[in-house]
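Note sheet for the following structure.
Numbering (UniProt numbering), first residue to last: 1 to 464.
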């Protein structure tokens, strides 16, 4: 009988934790910790946070989440936690690289905190391929044209799964998903001493934030989701949305290119430019382009990645014009440099773990794709997010965002019981710290005061 009571008690505790209603008496011990902050250069402080690898087994194996903090310069309201996206991006590295990602007004009122999510960077990182393996992985043909190429792609999938299982361990791979990361985020909130979370997430960070909001809606003080993903979409549906978004962004790039003296497209029509790009991709598929930097091959996959990387920001369009001009002459070096940036390849040839972490997290969150040979079963977590009882949650959408199309921001706003859409009529991926002064003013005011932007505050009538 005692065993049955314990099982029921554990089940109720888990259920209450998932709904955000568990009281202080039911909180596991890891909620009581306080990070031991130490100086780590440049005015930043670093620490680690202990969390269970498996929240169903809180007394089992623990892992450490790496944190970084920039202390407030004035009278502080609390902490604002940032997630830069990915999945797989190191928040520790990105905040250290650019402290001005938040305005001076926010840096005055908040300790600015970011972190490496589980599986990423310094937080129990996913480990798979070595440098040469990573080079080959990113160059591999993802658009097979015949049986031989399809077989080669299949073998790549199997080899990658085997490598990740050997390098990371199946138990870690099983628990790097967004569900666990959202639970980590609540432990972090508690450890920072905040009764309620103040959060800004970009791109994938919106997916993490939305999942947190659905688990803990009453533990939110203020939340901004910039460049929204749609939690209802499957992985395949999201890929289709992204394909449409990148086409919109490519058309915007081409229209701008046609006005420039260095535009490599001589016939200034979208149709003609599209045909020339298709010809370039087919050429790279038949035989890699030249690379004057090192011995790697500039394959069709590298060309696609380089183009895609430059579409993330209108500031990169000038580099894309030059890179395409070189590629049309058979030299893929500049596109390779763009692809290296996107793939996390360092100048010394080694890789950040970002792309492998992205794959591992995606295979847990969306096991139906692209993970047919993944060594662990994923946690299919596709459902509407409502966050009942939350304060206003601000969703920022950019009308010509390639990676998270504007329609996804509208969808997420509509799902949330208290969602507020803030529209940036512009180009590039995400808006805050992306050139929209209106969005930055509205977000700053909301994060400081809790007052959500009014309808139509930043071109909210824009349609795509």
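C-beta: ideal position from N, C-alpha, C; glycine also.
How would you call residue 278, buried or exposed, if buried means at least 16 neighbouring beta carbons within 10 angstroms?
Looking up residue 278 in the chain shown gives position 278. Exposed, because fewer than 16 other Cβ atoms sit within 10 Å of the Cβ of residue 278.
Ignore the nearest five residues each way along the sequence and tell me which others in residue 55's own chain have a CB closer than 6 Å to its CB.
By one-based count along the chain shown, residue 55 stands at place 55. For residue 55, where only same-chain residues beyond five positions count, the Cβ hits under 6 Å are 183.
Taking residue 93 as the reference, give the member of 133, 37, 42 and 423 with the closest Cα.
Stepping through the chain shown from its first residue, residue 93 is reached at position 93. For residue 93, the nearest C-alpha among the options comes from 42.
Comparing C-alpha positions only, which one of 402, 445 and 221 sits nearest to residue 428?
Taking the first residue of the chain shown as 1, we reach residue 428 at position 428. Of the listed residues, the one whose Cα sits closest to residue 428 is 402.
Does the distance from the C-beta atom of residue 290 to that of residue 331 stay below 8 Å?
Taking the first residue of the chain shown as position 1, residue 290 is located at position 290. Taking the first residue of the chain shown as position 1, residue 331 is located at position 331. Result yes, Cβ atoms of residue 290 and residue 331 sit closer than 8 Å.
Can you name the residues that DSSP bridges to residue 123?
In the chain shown, counting from the first residue as 1, residue 123 sits at position 123. In DSSP, residue 123 forms a bridge with 120.
Once DSSP output is grouped into helix, strand and coil, what is the label at residue 23?
Within the chain shown, numbered from 1, the residue matching residue 23 stands at position 23. The predicted model places residue 23 with a pLDDT of 37, which falls under 50 and marks its position as unreliable; any figure quoted below should be read in that light. In this structure, residue 23 counts as coil in the three-state DSSP scheme.
Going by the DSSP bridge assignment, what does residue 223 pair with across the sheet?
Start at 1 with the first residue of the chain shown, and residue 223 comes out as number 223. Paired residues: 199 and 393.
Closer than 6 Å by C-beta to residue 352: which residues in its own chain qualify, once you throw out the five before and the five after it? Chain order, please.
Within the chain shown, numbered from 1, the residue matching residue 352 stands at position 352. These residues qualify, in order along the chain: 344.
Using only the alpha-carbon positions, how far apart do residue 387 and residue 213 sit?
Against the chain shown, residue 387 aligns to sequence position 387. Against the chain shown, residue 213 aligns to sequence position 213. Those two C-alpha atoms are separated by around 5 Å.
Closer than 8 Å is the cut-off here; do at least three beta carbon pairs connect the region 66-73 with the region 34-49?
Flag = yes, the region 66-73 and the region 34-49 touch.
When you compare the CB positions of residue 81 and residue 361, do they come within less than 8 Å of one another, or not?
Translated into positions along the chain shown, residue 81 becomes position 81. Translated into positions along the chain shown, residue 361 becomes position 361. No, these two residues do not count as a Cβ contact at 8 Å.
Return the CA-CA distance between residue 263 and residue 77, expressed in angstroms with no decimal places.
Along the chain shown, read from residue 1 onward, the residue named residue 263 stands at position 263. Along the chain shown, read from residue 1 onward, the residue named residue 77 stands at position 77. Roughly 49 Å between the two C-alpha positions.
Measure the beta-carbon distance from residue 399 to residue 423 and round it to whole angstroms, keeping in mind my assumption that it falls under 8 Å.
Indexing the chain shown from 1 puts residue 399 at position 399. Indexing the chain shown from 1 puts residue 423 at position 423. Their Cβ separation, rounded to whole angstroms, is 7 Å, which keeps residue 399 and residue 423 in contact under 8 Å.
Tell me the rounded alpha-carbon separation between residue 230 and residue 196.
Taking the chain shown and counting its residues from 1, the one referred to as residue 230 is at position 230. Taking the chain shown and counting its residues from 1, the one referred to as residue 196 is at position 196. When rounded, the distance between both Cα atoms is 24 Å.
Beta-carbon within less than 8 Å of residue 456's beta-carbon, same chain only, minus the 5 sequence neighbours each way: which residues are those?
As a first step, residue 456 is located in the chain shown; it is residue number 456 there, counting from the start. If we look at residue 456 and ignore the five residues flanking it on each side, it has no Cβ neighbours.
For residue 397, count neighbouring Cβ atoms within 10 angstroms of its own Cβ and tell me buried if that reaches 16, exposed if not.
The count along the chain shown starts at 1 and reaches residue 397 at position 397. That one is buried.
For residue 225, I'd like the list of residues in its chain whose CB is within less than 6 Å of its CB, leaving aside the five on either flank, ordered along the chain.
Along the chain shown, read from residue 1 onward, the residue named residue 225 stands at position 225. Closer than 6 Å at the Cβ level, and outside the excluded window around residue 225, lie 201, 206, 209 and 395.
Tell me whether residue 100 is buried or exposed, calling it buried when 16 or more other Cβ atoms sit within 10 Å of its Cβ.
Numbered from its first residue, the chain shown carries residue 100 at position 100. Exposed: under 16 other Cβ atoms inside 10 Å.
Are at least three pairs of beta-carbons, each pair with one atom in the region 153-161 and one in the region 363-378, less than 8 Å apart?
Counting Cβ pairs under 8 Å, three or more are found: they touch.
Using only alpha-carbon positions, find the residue among 30, 308 and 167 that is nearest to residue 246.
Position 246 of the chain shown, counted from the start, is the residue given in the question as residue 246. For the residues 30, 308 and 167, the minimum Cα distance to residue 246 belongs to 308.
So what does residue 52 bridge to, in DSSP terms?
Here residue 52 refers to the residue found at position 52 when the chain shown is read from its first residue. Beta-bridge pairing links residue 52 to 62.
Excluding the 5 residues flanking residue 297 on each side, which residues of the same chain have their C-beta closer than 6 Å to its C-beta?
The residue you call residue 297 lines up with position 297 of the chain shown. Only 139 and 288 meet the Cβ criterion.
Pick out the complete beta strand (DSSP E) segments inside the region 216-295, 3 residues or longer, and give them in chain order.
The region 216-295 contains these whole beta strand (DSSP E) runs: 220-226.
Just to confirm my understanding: we take residue 449, look at its own chain, exclude 5 residues before and 5 after, and list those with CB closer than 8 Å. What are they?
Taking the chain shown and counting its residues from 1, the one referred to as residue 449 is at position 449. So the list is empty, once near-sequence residues are dropped.
Please check the pair residue 323 and residue 311, which I expect to be a contact at CB under 8 Å, by giving their CB distance rounded to whole angstroms.
Position 323 of the chain shown, counted from the first residue, corresponds to residue 323. Position 311 of the chain shown, counted from the first residue, corresponds to residue 311. Not a contact, Cβ separation roughly 12 Å.
Looking at residue 228: is its Cβ nearer than 8 Å to the Cβ of residue 408?
What you label residue 228 is simply residue 228 of the chain shown in a count that begins at 1. What you label residue 408 is simply residue 408 of the chain shown in a count that begins at 1. Yes, Cβ-Cβ distance for residue 228 and residue 408 is below 8 Å.
Would you mind reading off the limits of the alpha helix (DSSP H) that contains residue 343?
Your numbering for residue 343 matches position 343 in the chain shown. That run of the alpha helix (DSSP H) goes 333-343.
So, helix, strand or coil for residue 33, using DSSP?
Numbered from 1 along the chain shown, position 33 holds the residue referred to as residue 33. Of the three classes helix, strand and coil, the one that applies to residue 33 here is coil, per DSSP.
Between the beta-carbon of residue 476 and the beta-carbon of residue 53, is there less than 8 Å?
This structure cannot settle anything about residue 476, because the visible part of the chain is limited to 1 through 464.
What number of angstroms, rounded off, separates the C-alpha of residue 338 from the C-alpha of residue 410?
For the purposes of this step, residue 338 is taken as the residue at position 338 of the chain shown. For the purposes of this step, residue 410 is taken as the residue at position 410 of the chain shown. C-alpha separation (whole angstroms): 31 Å.
How would you call residue 305, buried or exposed, if buried means at least 16 neighbouring beta carbons within 10 angstroms?
Translated into the one-based positions of the chain shown, residue 305 becomes position 305. Label assigned to residue 305: buried.
So, at 6 Å on beta carbons, what are the nonlocal neighbours of residue 127 in its own chain, with the 5 sequence-adjacent residues on each side left out?
As a position in the chain shown, residue 127 is number 127, starting the count at 1. Cβ within range, chain order: 167 and 168.
Alpha carbon to alpha carbon, what distance is there between residue 107 and residue 75?
Taking the first residue of the chain shown as position 1, residue 75 is located at position 75. Taking the first residue of the chain shown as position 1, residue 107 is located at position 107. Spanning the two alpha carbons is a distance of roughly 10 Å.
Spell out the partners DSSP gives residue 111 in its beta bridges.
Against the chain shown, residue 111 aligns to sequence position 111. Per DSSP, 79.
What are the boundary residues of the beta strand (DSSP E) that includes residue 422?
The count along the chain shown starts at 1 and reaches residue 422 at position 422. 419-427 is the span of the beta strand (DSSP E), which, as asked, contains residue 422.
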